[in-house]
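First the structure, in the form of structure tokens, and then the observations on it.
4 protein chains.
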Amino acid sequence: MIKVGIVGGTGYTGVELLRLLAQHPHVNVAAITSRSEAGVKVCDMYPNLRGHYDTLAFSQPDAQQLGALDAVFFATPHGVAHVLAGELLDKGTRVIDLSADFRLRDADEWSHWYGQPHGAPERLKQAIYGLPEMHRDNIKTAQLIAVPGCYPTAVQLGYLPLLEAGLIDHQQLIADCKSGVTGAGRGAKVGSLLAEASESMKAYGASGHRHLPEISQGLKDIQQSAVGLTFVPHLTPMIRGIHATLYGQLNADPGDLQALFEKRYANEPFVDVMPAGSHPETRSVKGINTCRLAVHRPSGGNTVVVLSVIDNLVKGASGQAIQNLNLMFGFEESTGLTAPALLP
Amino acid sequence: MIKVGIVGGTGYTGVELLRLLAQHPHVNVAAITSRSEAGVKVCDMYPNLRGHYDTLAFSQPDAQQLGALDAVFFATPHGVAHVLAGELLDKGTRVIDLSADFRLRDADEWSHWYGQPHGAPERLKQAIYGLPEMHRDNIKTAQLIAVPGCYPTAVQLGYLPLLEAGLIDHQQLIADCKSGVTGAGRGAKVGSLLAEASESMKAYGASGHRHLPEISQGLKDIQQSAVGLTFVPHLTPMIRGIHATLYGQLNADPGDLQALFEKRYANEPFVDVMPAGSHPETRSVKGINTCRLAVHRPSGGNTVVVLSVIDNLVKGASGQAIQNLNLMFGFEESTGLTAPALLP
Amino acid sequence: MIKVGIVGGTGYTGVELLRLLAQHPHVNVAAITSRSEAGVKVCDMYPNLRGHYDTLAFSQPDAQQLGALDAVFFATPHGVAHVLAGELLDKGTRVIDLSADFRLRDADEWSHWYGQPHGAPERLKQAIYGLPEMHRDNIKTAQLIAVPGCYPTAVQLGYLPLLEAGLIDHQQLIADCKSGVTGAGRGAKVGSLLAEASESMKAYGASGHRHLPEISQGLKDIQQSAVGLTFVPHLTPMIRGIHATLYGQLNADPGDLQALFEKRYANEPFVDVMPAGSHPETRSVKGINTCRLAVHRPSGGNTVVVLSVIDNLVKGASGQAIQNLNLMFGFEESTGLTAPALLP
Amino acid sequence: MIKVGIVGGTGYTGVELLRLLAQHPHVNVAAITSRSEAGVKVCDMYPNLRGHYDTLAFSQPDAQQLGALDAVFFATPHGVAHVLAGELLDKGTRVIDLSADFRLRDADEWSHWYGQPHGAPERLKQAIYGLPEMHRDNIKTAQLIAVPGCYPTAVQLGYLPLLEAGLIDHQQLIADCKSGVTGAGRGAKVGSLLAEASESMKAYGASGHRHLPEISQGLKDIQQSAVGLTFVPHLTPMIRGIHATLYGQLNADPGDLQALFEKRYANEPFVDVMPAGSHPETRSVKGINTCRLAVHRPSGGNTVVVLSVIDNLVKGASGQAIQNLNLMFGFEESTGLTAPALLP
């Protein structure tokens, strides 16, 4: 049994960590922090946790207390983890950061997209990008994990087999992505009201979104050269789920695309290649850590279409964070992450 | 490890049994039947089951095969279980019927409400009404369980402490209930289409609904005399959940209603009395077997209002069925039913 | 053609006034005010108004400018209209207040429920309660209209025929009401987020809600003596609509209830008594000023159930305000309010 | 005042015609047919029509009766209009067909995609494709209109300015489209149930959809040569609305794209080019005949992204049909189509 903490636990990724860790046999949540809600019991804010965490309450963040834990998750807005993560790492606590703070290896690029100086550029080299399907070995020994963003997870897992095999023009990638509203967080914004966001669909950030450089960096790692990516996210009237529709131009005879995908992910516990001709639904992964994929080649032409679905709060955030933790501490990779999706 | 079967597994209560039993350490689903889908793998119909039941397929119902199992769930439309259940009981298989077939003790009343003769009136005496909060001891030794309906569960658990204590006029009960659309089943009906049922609210069956005699029978058991109940169900634009708003007229000084409820349910693993002043949300029980209750006395007047929420597919059907199974086979009552609700 | 203004136009009742008035042949919207959005064009905030109000912009409220108009709507939070309305009335401008500021005749009761002193108690006698089905003649000559709240409209229209006929026990009224989320306004509150309010149902204010005294006052006007009312509102996962389920205990042979309702509303342009046995859906009034009613007597017993649906933003607010304006200025009562509901 | 009929009026495009025509000052709906519902009043099937069509009832289709009308709308499944339309045309009645029956000019291609022989190939030459923004003059004198499909309308209006200007590679078009569930019609299908389609997102027809040849034909008309188009539709959890996200590869310096779009549509009453940087929402056109567009060039690169939203039942079906009717009969083009969208 290890002891973990959660910094910034009032948002959706925080409560999702609690929900999932309630089922984890080897993890004890010893602390959860929130400046604004210190003193409030987590089950008073999140009634689904009644009976699971009846005494755990939000506390002020305290480096001393957190530094005594085995691992600490950061479920904070960007910019918050930079300094505190370093303090904890210095005390030997392993850090799993769900925010964007350590995802980009280039501090200047981070500053450009997030509009503030990077607070811990010296830590960037140490950070491991926590996508197990690409970096499993490094994750096992990592001290600091940058958990991938939700869109980046869905997009990278979809393009991975094609780019590794060199089958598509890496200058012509188009990722049309649809996300449920929890992707925008639990902040009280007019645009996220049920009365505003339901019964409607819209794109946003068409001219540039913060997940673009993260995706590009990840795809470049696979491709070994810079990629040309157009990324358009859309707000979809549902709570959870990301549907990434990925387009690529074939630059060679691709052979059996279905077999390519199945082989690439044959041993991955959380990537499910659906049968040929499938159209995965986001609800098929509601509440679980699985990414389901399908690959199509319309009319046998030059365009390949990959459909990739995840739950943005699980494989796109808290579930993937726990998958990383399992790898870091030598637990079975799927520990605590085995329940089926809630359907219907 | 016991072996169980599911008869009529293509509907929502069937897939919900599979979802929940995937987490049950002592149960193996050995057979699932469907006349219309025989030969189809369950994970092809329900993609959330991929990775959990990769070989299980629907089969034709076969009394020989089912009779060799320890227990069989019926997740069938009404009228189907009457005969087959008897055959299985004769072979020593215990039967947990999620349909309405054995809920009413009076065969004539059943015929009146369901518009057909009762197919097994001789079994009615044997059937135990599977509401553990009322009939736990009888359930433990039962051979045949009639799992309560969804509305009846929410309503009975809400009125139970008040009627047991003799605090309200049992001739003046009003149950205003709101249900998600899965309560109408998975049948392809125009009225259940997203385009018809979302963004709208309506009552139905205001002049008489099949759950009325079941609720009345249960409340009469508590009260020891016939009750006067008005029951109006409403179709609510959500997938899961029942919210019962229960009204009663106090006929005595009720004392501390909050304490009454807390005491009555202190040892119940699946009834959660919320703090005074609470308004439980259906989402707080999404996917779980808990009933959450709150009791109010507006303006300190003569009317008491109980708010009762359940997930109609779990505590209102498949979860309660498993709770019964656990009791019948001597497992810990909450085995397989311990995950927190999915929120948000 | 008359000139009107809207004070506080950024909320849902403001944009709804603009949407409806765009179809009104005799009304020109000359001014719309908002302190926070002054200078912003209304069609930039509400894209559905593009092509209809391409130049109208929010302005600072200015008593001089507003006082030169024929009528001014207040679509403000409570407490705002008290002073400004008086200034406008003194200049001869007729005021139609959609807020709660002039609904209760008793200033002390207003202060009790709204937690602040009433800012214009001397105006209360002048205010006419704008429910045309009860006060049509007074509305025609009114200078100051208090437009009824959304719940009060649905509840009063449902009970009206029964109370007028003296058929039900006025001490035992129960109004179980369900509202879409626009009832909570356009404020950025966590509880109104799609991620929080969709896929869920909950009661609120079970121990006391601000619409209770307003409904009670209205029912008392009908009954000619104080009523005993239990009112429980519920938040429903939809944008628009109120469904009021009203319970009463018959204290006499009611005769033909259907005929009673049909006769009472035979000449009302905005009350539609549905055929016997109906269950009106809120979507059947989406976007329109109609209240649809159905009356049931379950099992021929002593309880009568009235189902009453309105669009909370139209008959429950802006549409009813325009209906009042039509009466005040001698236009045909349904002018600008004749489009069918949007269904599906 | 002209007299019109509707053949096949029970589906969503039928009721939408009735809803819109209720506001049309020059049109009288003299007949509406339905084999299955003959004798039923339209307001009994669609309660939003109560008070608007209190006597109109569905009747058996009768060529004699329909042939006496000025115009007849077909709101039928494909294959139904072929023969009856011809009979009516022979009687001098003008036909506006909302189905796919006359959209493709090549009868063989029609047969290929719709899986049956074309029933009236000799009429194809006569049919005018009813997209006023391309074919206004021909529509005015047409006897037979093929109203464009919903996806084709959104896609063609988005690509039109770019293809006319020769700015994008017409071999590399990608149309990622999202539709509300009414696009699937009012048929009772499991996949369209609220419990199945809400809280989820999925693609469908990724390998080939019937609207593909229609879009390709239309784009070819603009481009004057065959185009290469990948079209992936998605089912979105909302009732109405299409959001088309269109990608093109610039093959020349495009100059000012915003100005290009604004100029092209400057005189179009039903195309609204949003300000630069906009992201149109489908709800901004809920219930109305407008297509709203925005054009983006992410990071100033070679990809152009057009966002195009319509209401699939209005500009994508019944509203466009009425727009055609207005042109054919010399009415002001926007007659009966002037109400603002319902928002929120």
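Residue numbers (the numbering used here), protein chains in the order written: chain A, 93 to 436; chain B, 93 to 436; chain C, 93 to 436; chain D, 93 to 436.
Where is the CB? At the ideal position from N, CA and C, for every residue including glycine.
Nearest to R375(B) by C-alpha distance, out of C383(B), A368(B), L141(B), is C383(B). Pairwise C-beta distances place the region 143-163 of chain B in contact with the region 182-199 of chain B, as three or more of them are shorter than 8 Å. In this structure, the beta-carbon distance from T168(C) to L190(C) falls below 9 Å. One thing to note: T328(B) has its Cβ no nearer than 9 Å to the Cβ of S370(B). Taking C-alpha positions only, G159(C) is separated from I414(C) by approximately 19 Å. Rounded to the nearest whole angstrom, the CA to CA distance from H144(C) to N418(D) is 21 Å. Between the region 249-258 of chain D and the region 254-267 of chain B there are fewer than three C-beta pairs closer than 8 Å, too few to call the two in contact.
In this structure, L285(D) lies near L285(B), with their beta-carbon atoms less than 9 Å apart. DSSP, read as helix, strand or coil, puts A212(A) in coil. For chain A, the residues of the region 369-380 of chain B that bring a beta carbon within less than 9 Å of one of its beta carbons are S370, P372, E373, R375, S376, V377, K378, G379, I380, in chain order. Taking a C-beta distance under 9 Å as the contact criterion, I260(D) and V324(D) do not qualify as a contact pair. N120(A) and F194(A) have their C-alpha atoms some 25 Å from each other. Under the DSSP assignment, Q263(A) falls outside any beta strand (DSSP E); it carries neither an H nor an E label.
Along the length of the region 158-232 of chain B, whole beta strand (DSSP E) runs at least 3 residues long occupy 163-166, 186-189, reported in chain order. If you draw a straight line from the Cα of Q315(C) to the Cα of K294(D), it comes to about 55 Å.
In the DSSP assignment, V401(C) falls outside any alpha helix (DSSP H) and lies within the beta strand (DSSP E) extending over 395-402. The beta carbon of L349(D) is closer than 7 Å to those of V387, R389, V396 in its chain, skipping five residues each way along the sequence. Within the region 269-290 of chain D, the residues whose Cβ lies closer than 7 Å to any Cβ of chain B are, in chain order, V273, T274, R278, A280, K281, V282, S284, L285, L286, A287, A289, S290. The straight-line gap separating the alpha-carbon atoms of V96(B) and T427(A) is approximately 26 Å.
Where Y296(C) is concerned, there is no enclosing beta strand (DSSP E), because DSSP gives it neither an H nor an E. In chain D, no part has a C-beta under 8 Å from the C-beta of H262(C); the shortest such distance is about 31 Å. Cα atoms of L352(B) and K232(B): separation of roughly 27 Å, rounded to the nearest angstrom. Taking C-beta atoms as the reference points, V398(C) and A344(C) fail to come closer than 9 Å. Distance from the Cα of S126(D) is smallest, within the candidate group V172(D), T147(D), Q152(D), for Q152(D).
Distance between I402(A) and V107(B), taken at the CA atoms: about 21 Å. In the three-state reduction of the DSSP assignment, D154(B) falls in the coil class. Of all residues in the region 136-150 of chain D, only Y138, P139, N140, L141, R142, G143, H144 come within less than 7 Å of chain C when Cβ atoms are compared, listed by chain position. Boundaries of the alpha helix (DSSP H) around T105(D): 104-113.
Residue-level contact check: S391(C) touches chain B, since one or more beta carbons of chain B fall below 9 Å from its beta carbon.
In this structure, the CA atom of R197(D) is about 48 Å from the CA atom of D313(A). In terms of Cβ geometry, L311(C) and Q263(C) do not form a close pair [threshold 9 Å]. For the region 324-355 of chain C, the set of residues with a beta-carbon nearer than 9 Å to any beta-carbon of chain A comprises P329, M330, I331, R332, in chain order. Listed along the chain, the chain C residues whose CB falls inside 8 Å of the CB of A167(B) amount to none; the nearest CB is some 23 Å away.
By the C-beta density criterion, S400(C) is buried, having at least 16 other C-beta atoms within 10 angstroms. Between L405(A) and T105(A), the C-beta spacing is below 9 Å. Here Y339(D) carries a strand assignment [DSSP, helix/strand/coil].
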